[in-house]
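Taken in sequence, the protein lines are chains B and S.
Those letters in the first sequence? Residues 119 to 229, by this note's numbering.
Those letters in the second sequence? Residues 80 to 192, by this note's numbering.
For every residue, glycine included, the Cβ atom is placed at its ideal position computed from N, Cα and C.
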Amino acid sequence: NAGVTQTPKFRILKIGQSMTLQCTQDMNHNYMYWYRQDPGMGLKLIYYSVGAGITDKGEVPNGYNVSRSTTEDFPLRLELAAPSQTSVYFCASSLPGGTQYFGPGTRLLVL
Amino acid sequence: KNQVEQSPQSLIILEGKNCTLQCNYTVSPFSNLRWYKQDTGRGPVSLTIMTFSENTKSNGRYTATLDADTKQSSLHITASQLSDSASYICVVVPIQGAQKLVFGQGTRLTINP
Numbered sequence: 119n120a121g122v123t124q125t126p127k128f129r130i131l132k133i134g135q136s137m138t139l140q141c142t143q144d145m146n147h148n149y150m151y152w153y154r155q156d157p158g159m160g161l162k163l164i165y166y167s168v169g170a171g172i173t174d175k176g177e178v179p180n181g182y183n184v185s186r187s188t189t190e191d192f193p194l195r196l197e198l199a200a201p202s203q204t205s206v207y208f209c210a211s212s213l214p215g216g217t218q219y220f221g222p223g224t225r226l227l228v229l
Numbered sequence: 080k081n082q083v084e085q086s087p088q089s090l091i092i093l094e095g096k097n098c099t100l101q102c103n104y105t106v107s108p109f110s111n112l113r114w115y116k117q118d119t120g121r122g123p124v125s126l127t128i129m130t131f132s133e134n135t136k137s138n139g140r141y142t143a144t145l146d147a148d149t150k151q152s153s154l155h156i157t158a159s160q161l162s163d164s165a166s167y168i169c170v171v172v173p174i175q176g177a178q179k180l181v182f183g184q185g186t187r188l189t190i191n192p
């Protein structure tokens with residue numbers, strides 16, 4: 119099993135550009151999450167989903183959008199990139215109440 | 080506001096020595112407390128999960144303790160190895176909004192030979 123996979127591993131964006139961070143899990147988990155991790159800070163929840171077609175905002179949703187059309191995929195969309203979105207983004211999945219399994223992360227630099 | 084504070088921020092010890100990392104939290108009520116290990120450039124990996132009624136949980140050389148009265152947890156690492164060099168993150172899961180886990184900022188542990 120691959121677990122949670124994320125693409126790309128690293129990306130440089132110019133201010134105002136858009137991109138989609140991809141996340142796929144093969145564990146048939148209902149719950150999926152997007153976090154950002156800034157240096158010296160705890161992970162912050164951006165969005166989460168408890169099943170296909172259901173998404174909800176986390177602590178820092180501004181500037182991001184998500185969709186969940188299948189159980190496996192949970193893409194994160196940045197519409198107008200800003201320098202404040204420079205961060206490492208982690209996708210995770212879990213069963214309800216269970217351990218979260220994290221992907222390897224996407225490092226994003228906005229210049 | 081729900082918070083999780085970890086100490087120390089960073090720690091350097093010699094290989095073979097023991098160490099203890101601390102976690103204080105204000106999240107209440109909570110369903111469980113978790114410790115994760117995060118290697119540089121990787122995603123966090125779960126080490127232990129303790130429910131609010133558990134006092135201790137072990138995973139090999141890692142032992143986590145929980146005191147729900149004082150809202151403190153610790154992670155003890157025995158006979159450290161070079162591969163233990165990583166960040167260790169304390170996470171508290173609230174009962175209300177269980178999807179919105181509260182993460183500490185982590186303790187950066189370096190094991191020197």
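With distances taken Cα to Cα, identify the nearest neighbour of residue i among the options.
{"i": "serine 162 of chain S", "options": "S:Leu145, S:Pro87, S:Pro108, S:Arg140", "result": "S:Arg140"}
{"i": "proline 214 of chain B", "options": "B:Arg225, B:Gly169, B:Asp144, B:Gly134", "result": "B:Gly169"}
{"i": "proline 85 of chain S", "options": "S:Asp118, S:Gln151, S:Ser125, S:Ile92", "result": "The sequence given here places glutamine at residue 85 of chain S; proline does not occur at that position. Minimum Cα distance to glutamine 85 of chain S is reached at S:Gln151."}
{"i": "valine 106 of chain S", "options": "S:Arg113, S:Ile92, S:Val83, S:Val124", "result": "S:Val83"}
{"i": "valine 206 of chain B", "options": "B:Ile130, B:Arg186, B:Ser187", "result": "B:Ile130"}
{"i": "serine 110 of chain S", "options": "S:Gly120, S:Met129, S:Ile156", "result": "S:Met129"}
{"i": "glycine 176 of chain B", "options": "S:Pro192, S:Gln178, S:Phe182", "result": "S:Gln178"}
{"i": "isoleucine 168 of chain S", "options": "S:Leu180, S:Asn191, S:Ala158", "result": "S:Leu180"}
{"i": "proline 230 of chain B", "options": "S:Lys96, S:Gln88, S:Asp146", "result": "Missing from the structure shown is residue 230 of chain B; chain B here goes from 119 to 229 and no further."}
{"i": "methionine 137 of chain B", "options": "B:Leu161, B:Asn146, B:Asp144, B:Pro126", "result": "B:Pro126"}
{"i": "tryptophan 152 of chain B", "options": "B:Tyr165, B:Gln218, B:Ser202", "result": "B:Tyr165"}
{"i": "serine 164 of chain S", "options": "S:Ile91, S:Asn138, S:Val172", "result": "S:Ile91"}
{"i": "phenylalanine 182 of chain S", "options": "B:Cys141, B:Lys162, B:Ser202", "result": "B:Lys162"}
{"i": "glycine 176 of chain S", "options": "S:Asn103, S:Tyr115, S:Pro108", "result": "S:Pro108"}
{"i": "arginine 113 of chain S", "options": "S:Lys80, S:Thr149, S:Asn138", "result": "S:Asn138"}
{"i": "threonine 127 of chain S", "options": "S:Ser153, S:Arg121, S:Gln160, S:Ala147", "result": "S:Ser153"}
Taking residue i as part of the beta strand (DSSP E), name the residues at either end of that continuous run.
{"i": "proline 173 of chain S", "result": "165-173"}
{"i": "asparagine 183 of chain B", "result": "182-184"}
{"i": "methionine 129 of chain S", "result": "124-130"}
{"i": "glutamate 84 of chain S", "result": "83-86"}
{"i": "asparagine 138 of chain S", "result": "135-138"}
{"i": "glycine 169 of chain B", "result": "162-169"}
{"i": "valine 122 of chain B", "result": "122-125"}
{"i": "isoleucine 133 of chain B", "result": "That residue, isoleucine 133 of chain B, is in no beta strand (DSSP E); it is neither H nor E in DSSP."}
{"i": "leucine 194 of chain B", "result": "194-196"}
{"i": "leucine 154 of chain S", "result": "151-156"}
{"i": "valine 206 of chain B", "result": "205-212"}
{"i": "arginine 187 of chain S", "result": "186-191"}
{"i": "lysine 116 of chain S", "result": "109-117"}
{"i": "methionine 150 of chain B", "result": "149-155"}
{"i": "asparagine 97 of chain S", "result": "Per DSSP, asparagine 97 of chain S belongs to no beta strand (DSSP E) and is neither H nor E."}
{"i": "arginine 121 of chain S", "result": "Premise fails: arginine 121 of chain S is in no beta strand (DSSP E) and is neither H nor E."}
{"i": "leucine 229 of chain B", "result": "Taken as a continuous stretch (DSSP letters only), leucine 229 of chain B belongs to no beta strand (DSSP E), as it is neither H nor E."}
For residue i, does the count of other Cβ atoms within 10 angstroms reach 16, so buried, or fall short, so exposed?
{"i": "methionine 159 of chain B", "result": "exposed"}
{"i": "threonine 189 of chain S", "result": "exposed"}
{"i": "arginine 154 of chain B", "result": "buried"}
{"i": "serine 167 of chain B", "result": "buried"}
{"i": "leucine 93 of chain S", "result": "exposed"}
{"i": "phenylalanine 128 of chain B", "result": "exposed"}
{"i": "serine 187 of chain B", "result": "exposed"}
Just confirm the distance between the C-beta atoms of residue i and residue j, as a whole number of angstroms; I'd bet it's less than 8 Å.
{"i": "valine 228 of chain B", "j": "threonine 204 of chain B", "result": "5 Å"}
{"i": "proline 193 of chain B", "j": "leucine 226 of chain B", "result": "About 14 Å; that fails the 8 Å criterion."}
{"i": "glutamine 135 of chain B", "j": "alanine 199 of chain B", "result": "5 Å"}
{"i": "glycine 216 of chain B", "j": "leucine 196 of chain B", "result": "Not quite, the Cβ-Cβ distance comes to about 29 Å (not below 8 Å), so this is no contact."}
{"i": "lysine 116 of chain S", "j": "valine 124 of chain S", "result": "5 Å"}
Cβ of residue i within 7 Å of any heavy atom in the ligand PLP?
{"i": "threonine 105 of chain S", "result": "Of ligands this structure carries none, so the ligand PLP is not represented either."}
TODO: Identify each residue in the stretch 140-158 of chain S for which the Cβ-Cβ distance to at least one residue of chain B is less than 9 Å, and report them in chain order.
DONE: Under the 9 Å Cβ criterion, the stretch 140-158 of chain S contributes no residue.
Task: Residues from the stretch 158-183 of chain B in contact with chain S, defined by Cβ distance under 8 Å - done: Taking 8 Å as the Cβ-Cβ cut-off against chain S, the residues of the stretch 158-183 of chain B that qualify are Gly158, Met159, Gly160, Leu161, Lys162, Leu163, Tyr166, Val168, Asp174, Gly176, Glu177.
Task: Near-chain B residues of the stretch 80-105 of chain S (beta-carbon distance less than 9 Å), N- to C-terminal order - done: Within the stretch 80-105 of chain S, the residues whose Cβ lies closer than 9 Å to some Cβ of chain B are Val83, Gln85, Gln88, listed in chain order.
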